[in-house]
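A.B. asks: Residue numbers for the sequence shown follow my numbering, so the first one is -4 and each next one is one higher.
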Amino acid sequence: MEKMKKILNERKCLKIVCGAGNEDTKEVEKLAYVYSCAGFNMIDVCAKKDVIDAAKSGILKAGKENEIAICVSVGLCDDVHVSKTVINGQKCTSCGKCASICAQNAIYNEDEKYIVDERKCIGCLKCVQACDCGSIIVEHKYKQPYTMLLPLISEGIDCVEFHCASENEEMILEGWNKIKSIYNGILSICIDRSKMGDEKIISLLKQMIGDKDDIIIQADGNPMTGGIDDYKSTLQTVAFAELIKRNGLPVFVILSGGTNSKSSKLAKECSVNVEGVALGSYARKIVKDYIDSDDFWTNENIQKTAIQIAENLAQSIKTYL
Ligand code: SF4
Ligand code: SF4
-4 MEKMKKILNE
6 RKCLKIVCGA
16 GNEDTKEVEK
26 LAYVYSCAGF
36 NMIDVCAKKD
46 VIDAAKSGIL
56 KAGKENEIAI
66 CVSVGLCDDV
76 HVSKTVINGQ
86 KCTSCGKCAS
96 ICAQNAIYNE
106 DEKYIVDERK
116 CIGCLKCVQA
126 CDCGSIIVEH
136 KYKQPYTMLL
146 PLISEGIDCV
156 EFHCASENEE
166 MILEGWNKIK
176 SIYNGILSIC
186 IDRSKMGDEK
196 IISLLKQMIG
206 DKDDIIIQAD
216 GNPMTGGIDD
226 YKSTLQTVAF
236 AELIKRNGLP
246 VFVILSGGTN
256 SKSSKLAKEC
266 SVNVEGVALG
276 SYARKIVKDY
286 IDSDDFWTNE
296 NIQKTAIQIA
306 ENLAQSIKTY
316 L
């Protein structure tokens, strides 16, 4: 709790997002290592013990166990962050478009059939958009947030993030209250405006915050779209952060969803003072070639190059926080 409070009070939260549905422990360990070395101070991982252990291992290898806070993500069934895709083999024409667009390398070909590797899929839905014949189904494969979280409370986690983009206000409040009943550390709400209007979302957030003064709102712009490094991609999250700040909610606000190296600069130029930036798709993409390398752990040059790229990103964000 103290580690998290320090990060937030300094208003310099730099979070690497591995993906709420990312169960690829090898990737998580490498991301944790590279971004810990690069000066990030928070890592967001899926609510599974082996994934948390992989993040801890990467942080330990970087020697940053006293600096990096671990945030565990859980989500409602309506929220895209905890969705997975499945290919309907009966309809699939084996064109391969989905496999070539998947940034997580989660779709592979076996015996001329395309299959989604569930552990790697983060629910970004890019494959669904790419498939011309509607052969890809979106599924929610996780248990309810409370059930996912319960066995992880004693794992030394620093923060729990609740992904709750849904139209169902009652379900959001029920899920939130259950999480609060078992976890008394720092809580983060990751929500976007795709399913609720501004007035409704502010009213909902006020109910969720109650009398607490240490809640994080991760103002999600366009979830999992941050592959491009331009202002347009990051505009929606800055606009949402501005709405939260304008309404005077007593929270820490972190940008996410479409974030890139320009996010904190854009927020500053728009006079929106945020407490940090969470980087997922973009941060993973810029180090991907190095992380995917089979000799990553034995090749110092590969590690150094990846860390240098991550450091440049950290620097461009910190300059404007
Ligand atoms: S494109 Fe996205 S949703 Fe589709 S398999 Fe890859 S990670 Fe999963
Ligand atoms: S894009 Fe659709 S049709 Fe093509 S391989 Fe993927 S699932 Fe099959």
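Backbone N, C-alpha and C fix where the C-beta goes; we use that ideal spot for every residue, glycine too.
Fair warning: this is a prediction, and the values are worked out from it, not measured in the lab.
Do the CB positions of E306 and C32 come within less than 9 Å of each other?
C.D. replies: Walking along the sequence shown from the start, residue 306 turns up at place 311. Walking along the sequence shown from the start, residue 32 turns up at place 37. Result yes, Cβ atoms of E306 and C32 sit closer than 9 Å.
A.B. asks: Compute the Euclidean distance between the alpha carbons of W292 and N179, then round it to the nearest angstrom.
C.D. replies: Against the sequence shown, residue 292 aligns to sequence position 297. Against the sequence shown, residue 179 aligns to sequence position 184. One C-alpha to the other measures close to 37 Å.
A.B. asks: Which of the three DSSP states, helix, strand or coil, is assigned to M37?
C.D. replies: Walking along the sequence shown from the start, residue 37 turns up at place 42. In this structure, M37 counts as strand in the three-state DSSP scheme.
A.B. asks: With DSSP collapsed to three states, give me the class of Q303.
C.D. replies: Start at 1 with the first residue of the sequence shown, and residue 303 comes out as number 308. Note: Q303 maps to helix in three-state DSSP.
A.B. asks: At what residue ranges does the stretch 42 to 110 contain a whole run of the alpha helix (DSSP H), taking only runs of 4 or more?
C.D. replies: Taking only runs of at least 4 residues, the alpha helix (DSSP H) segments lying wholly in the stretch 42 to 110 are 44 to 57, 92 to 96.
A.B. asks: The beta strand (DSSP E) spanning F291 covers which residue range?
C.D. replies: By 1-based counting over the sequence shown, the position of residue 291 is 296. Segment: none, F291 is in no beta strand (DSSP E) and carries neither H nor E.
A.B. asks: Can you tell me where the beta strand (DSSP E) holding I186 begins and where it ends?
C.D. replies: As a working note, residue 186 is residue 191 in the sequence shown. Run containing I186: 181 to 186, per the beta strand (DSSP E) assignment.
A.B. asks: Do G70 and C159 count as a contact pair if the criterion is CB distance below 9 Å?
C.D. replies: Within the sequence shown, residue 159 is the residue found at index 164, counting from 1. Within the sequence shown, residue 70 is the residue found at index 75, counting from 1. Yes, the pair counts as a contact, with Cβ atoms nearer than the cut-off.
A.B. asks: How many whole angstroms separate the CB atoms of G216 and D193, which I take to be in contact at a CB cut-off of 8 Å?
C.D. replies: Counting from 1 along the sequence shown, the entry for residue 216 is found at position 221. Counting from 1 along the sequence shown, the entry for residue 193 is found at position 198. In fact, because the Cβ distance is near 14 Å, the residues do not count as touching under 8 Å.
A.B. asks: Going by the C-beta, is D106 closer than 8 Å to any heavy atom of ligand 2?
C.D. replies: Against the sequence shown, residue 106 aligns to sequence position 111. Answer for D106: no, Cβ out of range of ligand 2.
A.B. asks: Measure the alpha-carbon distance for D74 versus P140 and round it to whole angstroms.
C.D. replies: Position 79 of the sequence shown holds residue 74. Position 145 of the sequence shown holds residue 140. Each residue's alpha carbon lies about 11 Å from the other.
A.B. asks: Within this structure, are the beta carbons of K285 and D224 separated by less than 9 Å?
C.D. replies: Position 290 of the sequence shown holds residue 285. Position 229 of the sequence shown holds residue 224. The residue you asked about is not Lys; residue 285 is Tyr in the sequence shown. It is not a contact, given that the beta carbons lie outside the stated cut-off.
A.B. asks: Quick one: complete beta strand (DSSP E) runs, 3+ long, within the stretch 100 to 174?
C.D. replies: With a minimum length of 3 residues, the continuous beta strand (DSSP E) runs that stay inside the stretch 100 to 174 are 102 to 105, 108 to 111, 131 to 135, 154 to 158.
A.B. asks: Roughly how many whole angstroms lie between the Cα atoms of L250 and V272?
C.D. replies: Within the sequence shown, the letter at position 255 stands for residue 250. Within the sequence shown, the letter at position 277 stands for residue 272. Cα-Cα distance, rounded: 5 Å.
A.B. asks: Relative to the C-alpha of C8, which candidate in F35, Q202, A57 has its C-alpha closest?
C.D. replies: Residue mapping note: residue 8 aligns to position 13 of the sequence shown, counting from 1. Checked all of F35, Q202, A57; the closest Cα to C8 is F35.
A.B. asks: The beta strand (DSSP E) that contains D215, what's its start and end?
C.D. replies: By 1-based counting over the sequence shown, the position of residue 215 is 220. Run containing D215: 211 to 215, per the beta strand (DSSP E) assignment.
A.B. asks: Just to check, is the beta-carbon of L261 closer than 8 Å to a non-hydrogen atom of ligand 1?
C.D. replies: Within the sequence shown, the letter at position 266 stands for residue 261. Answer for L261: no, Cβ out of range of ligand 1.
A.B. asks: Closer than 6 Å is what we want: which residues have a beta carbon that near any heavy atom of ligand 2? List them in chain order.
C.D. replies: Taking each Cβ in turn, the ones that pass are I82, C87, T88, S89, C90, G91, K92, C93, Y109, A125, C126, C128, S130, I131.
A.B. asks: Relative to the C-alpha of M(-4), which residue among I210, N83, E237, Y315 is closest?
C.D. replies: Position 1 of the sequence shown, counted from the first residue, corresponds to residue -4. If we check each option's Cα against that of M(-4), I210 comes out closest.
A.B. asks: Taking the alpha-carbon of E162 as reference, which of L182, K195, E150 has the nearest alpha-carbon?
C.D. replies: On the sequence shown, position 167 is the one that residue 162 refers to. For E162, the nearest C-alpha among the options comes from K195.
A.B. asks: Verify the contact flag: L26, CB atom, against every heavy atom of ligand 1, threshold strictly below 8 Å.
C.D. replies: For this step, residue 26 is matched to residue 31 along the sequence shown. Because no heavy atom of ligand 1 lies under 8 Å away, the Cβ of L26 does not count as near it: no.
A.B. asks: Tell me the rounded alpha-carbon separation between I2 and K190.
C.D. replies: Stepping through the sequence shown from its first residue, residue 2 is reached at position 7. Stepping through the sequence shown from its first residue, residue 190 is reached at position 195. Cα-Cα distance, rounded: 30 Å.
A.B. asks: Going by C-alpha distance, which of K10, A42, I63 is nearest R114?
C.D. replies: In the sequence shown, the residue the question calls residue 114 occupies position 119. Considering only alpha carbons, the answer is A42.
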